[in-house]
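Notes follow once the structure below has been shown.
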Amino acid sequence: MSSHSENRAVEIRQLMQTFIDERLAGKLEKLASDDPKREALVEQFEFEAWVGDAARRVSRLQVVTHALKATHPAAKGSSRYVEPAALPDMPLVGSCKAPDDRLSHRSYPLLAARDLIAQFIQEQRDGYQTA
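Position one of the sequence shown corresponds to residue 1 (the UniProt record's numbering), numbered consecutively onward.
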């Protein structure tokens, strides 16, 4: 592994650890110092435990460019992901007119998987984006 790859791996790990620590701190602030839930929460937010849980949750994420449920919560159909270059050029205002770097790719997790994983995937720090 090159030193650049090793440095990048360290940076990603640090980004993940910072994200996890911030989430834990926010949850611990809400609990009393003698609350029995604190210990379980700290264990849940240990790096290896959090990454293991994240790996299970990520299979329930869906990255889309055209979200159906954003239009109406009872809409029936499927959200889609379409590469900007594959969109037809039409004389209409829409995502087909958005420059590639402006088209938003969003994570739409199922209800049980949202929160941590979707937020981390969209995390950006110091010009480095995780997704």
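Using N, Cα and C, we set each Cβ at its ideal position, and we do this for glycine too.
Just so we're clear, the structure is a prediction, and the values are computed from it rather than from any experiment.
Look at R60 here: in three-state DSSP terms it is coil, with no helix or strand label. Cα atoms of D21 and K27: separation of roughly 10 Å, rounded to the nearest angstrom. When the alpha-carbon of P84 is set against those of T65, N7, D34, the nearest one is in T65. E39: member of the alpha helix (DSSP H) spanning 37-44, first to last residue. Collapsing the DSSP output to three states places H66 in a strand. Boundaries of the alpha helix (DSSP H) around T18: 3-29. In this structure, the straight-line span from the alpha carbon of F45 to that of M16 is close to 11 Å.
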